[in-house]
Amino acid sequence: MNVHHLELFYFVAKHEGISIAVRNIPYGIQQPAVSAQIAQLEEDLDTTLFHRRPFVLTDTGERLFQFVEPFFSQLDKVADDLRGGESQRVRIGASHLILSDHMPSIMERVRESKPDLRVSLRQGHQRELEAALLAREIDIAVTLFEKEPPAGVEARSLIEIPLALVVKRSSKIKSAEQLFSSGKVEEVLICLPEGEPVQRHFREGLQEAGVYWHTGLEVNSFDLAEKFAAQGLGIGLTVVSPSSKRVPGVRDIPLQGFPTLKVGVLWQGKLDGTLKAFVDGIESHAEALKSSLDETVETA
3 MNVHHLELFY FVAKHEGISI AVRNIPYGIQ QPAVSAQIAQ LEEDLDTTLF
53 HRRPFVLTDT GERLFQFVEP FFSQLDKVAD DLRGGESQRV RIGASHLILS
103 DHMPSIMERV RESKPDLRVS LRQGHQRELE AALLAREIDI AVTLFEKEPP
153 AGVEARSLIE IPLALVVKRS SKIKSAEQLF SSGKVEEVLI CLPEGEPVQR
203 HFREGLQEAG VYWHTGLEVN SFDLAEKFAA QGLGIGLTVV SPSSKRVPGV
253 RDIPLQGFPT LKVGVLWQGK LDGTLKAFVD GIESHAEALK SSLDETVETA
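Everything in the sequence shown is counted per our numbering, starting at 3 for the first residue and increasing by one.
Have a look at this one:
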């Protein structure tokens with residue numbers, strides 16, 4: 003058997019499909035080349051390793067994957083061990099909100115004590131990050147808590163972040179009560195896609211308040227929601243944030259009584275060394291953020 007063919011099969015089996023595997027193979031290779039080499043491997047073994055649509059490993063493919071997975075899944079770790087760098091490497095998974103708004107500050111804190119730290123980042127929601135933890139593809143996950151983590155995953159709550167609306171500074175709207183008084187809001191709602199946790203929490207709050215408000219403009223970040231609101235194009239859905247981080251030209255409308263976003267950290271096993279230092283840095287950032295958010299809420 004060709005070892006390179008086995009490596010390609012490992013990625014295809016792991017990611018459950020050739021097209022997805024191509025996007026995750028850590029070097030450039032085209033889908034036709036992968037298909038051809040997998041076909042050659044099947045010819046050499048005189049067997050079918052998986053069915054394409056829907057993707058499912060055959061019994062032979064399952065046996066082969068169980069054989070090659072322990073080797074190929076540990077290559078990065080072995081390389082780090084040989085370089086003496088495993089203790090300075092952390093693989094972090096986080097939600098988009100954490101990566102964009104908080105991870106730079108967290109890494110700055112950690113690197114004060116760990117200047118040689120090497121970090122890899124990946125984005126995902128809680129369920130995706132839990133699966134990555136269990137598969138040992140990441141070491142730590144910082145994410146929005148939407149449900150209890152599965153067995154084998156440790157969890158620590160960090161902070162609760164309230165939802166808020168942002169309007170153009172000159173807007174006549176002064177409160178959520180004023181906005182919701184008719185039971186149906188006509189202003190354009192600018193918000194993240196329906197599947198995002200902030201959207202689900204907001205919809206729960208609207209339902210509890212007996213208010214109907216459909217999405218008028220869908221964006222992929224809080225920053226964009228604020229920018230459109232600053233132009234008077236609607237009302238943005240976001241989270242409470244220190245005023246210094248707001249886009250100029252907007253002001254907050256608190257959403258008292260609405261569900262909050264719960265943020266926490268997930269990991270497996272014992273925390274020590276670099277992993278503990280990183281979690282300590284996350285907790286320090288969360289404590290500083292709590293104080294800042296408390297001041298923001300008090301002045302809102």
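Every residue gets a Cβ at the ideal spot worked out from N, C-alpha and C, and that includes glycine.
Alpha-carbon spacing of residue i relative to residue j, whole angstroms
i                 : j                 : result
glycine 154       : glycine 271       : 8 Å
valine 1          : alanine 178       : Missing from the structure shown is residue 1; the chain here goes from 3 to 302 and no further.
leucine 51        : histidine 287     : 48 Å
glycine 236       : leucine 268       : 36 Å
arginine 113      : isoleucine 255    : 36 Å
isoleucine 163    : histidine 203     : 11 Å
lysine 149        : serine 159        : 12 Å
leucine 47        : serine 37         : 15 Å
glycine 185       : phenylalanine 260 : 16 Å
asparagine 4      : glutamate 64      : 18 Å
arginine 248      : leucine 123       : 25 Å
histidine 17      : alanine 23        : 5 Å
proline 56        : serine 21         : 13 Å
glycine 266       : glycine 283       : 13 Å
leucine 208       : proline 106       : 33 Å
valine 213        : alanine 133       : 36 Å
glutamate 196     : serine 97         : 16 Å
glutamine 128     : asparagine 26     : 20 Å
glycine 218       : glutamate 189     : 8 Å
phenylalanine 230 : glutamine 180     : 21 Å
phenylalanine 69  : proline 151       : 29 Å
phenylalanine 74  : proline 250       : 50 Å
aspartate 225     : threonine 62      : 50 Å
aspartate 78      : isoleucine 31     : 19 Å
Anticipated Cβ contact below 8 Å, residue i with residue j, distance rounded
i              : j                 : result
valine 187     : leucine 194       : That belief does not hold up - the Cβ atoms of valine 187 and leucine 194 are roughly 17 Å apart, past 8 Å.
lysine 264     : phenylalanine 147 : 4 Å
alanine 232    : lysine 170        : 6 Å
leucine 191    : histidine 216     : 7 Å
alanine 279    : lysine 116        : 6 Å
glutamate 71   : tyrosine 29       : That pair is no contact at about 19 Å.
leucine 10     : glutamine 39      : 5 Å
alanine 211    : phenylalanine 182 : 6 Å
valine 121     : isoleucine 94     : 6 Å
isoleucine 142 : leucine 43        : Actually they are not in contact, since the Cβ atoms of isoleucine 142 and leucine 43 sit about 36 Å apart, beyond 8 Å.
valine 92      : leucine 119       : 7 Å
Where residue i sits in the DSSP three-state scheme
i             : result
lysine 116    : coil
proline 195   : coil
lysine 264    : strand
valine 249    : coil
aspartate 103 : helix
glutamine 76  : coil
glutamine 125 : strand
aspartate 225 : helix
leucine 239   : strand
aspartate 254 : strand
alanine 96    : strand
leucine 219   : strand
Selection from the options that minimises the alpha carbon distance to residue i
i              : options                           : result
leucine 273    : Ile40, Ala157 and Val249          : Ala157
serine 294     : Phe280, Ala143 and Ser243         : Ser243
aspartate 103  : Gly275, Ala279, Leu239 and Ser223 : Ser223
threonine 49   : Pro56, Thr60 and Lys247           : Thr60
valine 241     : Leu165, Glu220 and Leu257         : Leu165
methionine 109 : Ala137, Val144, Arg129 and Gly197 : Val144
glycine 19     : His53, Leu8, Gln209 and Gln42     : His53
glycine 234    : Asp78, Ser173, Pro34 and Glu132   : Ser173
glutamine 125  : Ile140, Ala15 and Val80           : Ile140
glutamate 45   : His7, Ile27 and Gln258            : His7
leucine 167    : Val281, Phe74 and Leu257          : Leu257
valine 281     : Ala35, Glu198, Arg111 and Leu77   : Arg111
arginine 205   : Ile161, Thr262 and Ala15          : Thr262
Complete runs of the alpha helix (DSSP H) confined to the segment 12–63 [at least 4 residues]: 20–26 and 33–47
As an exercise, report each continuous beta strand (DSSP E) stretch of at least 3 residues that is fully enclosed by the segment 139–191, in chain order. 142–146, 156–163 and 165–170
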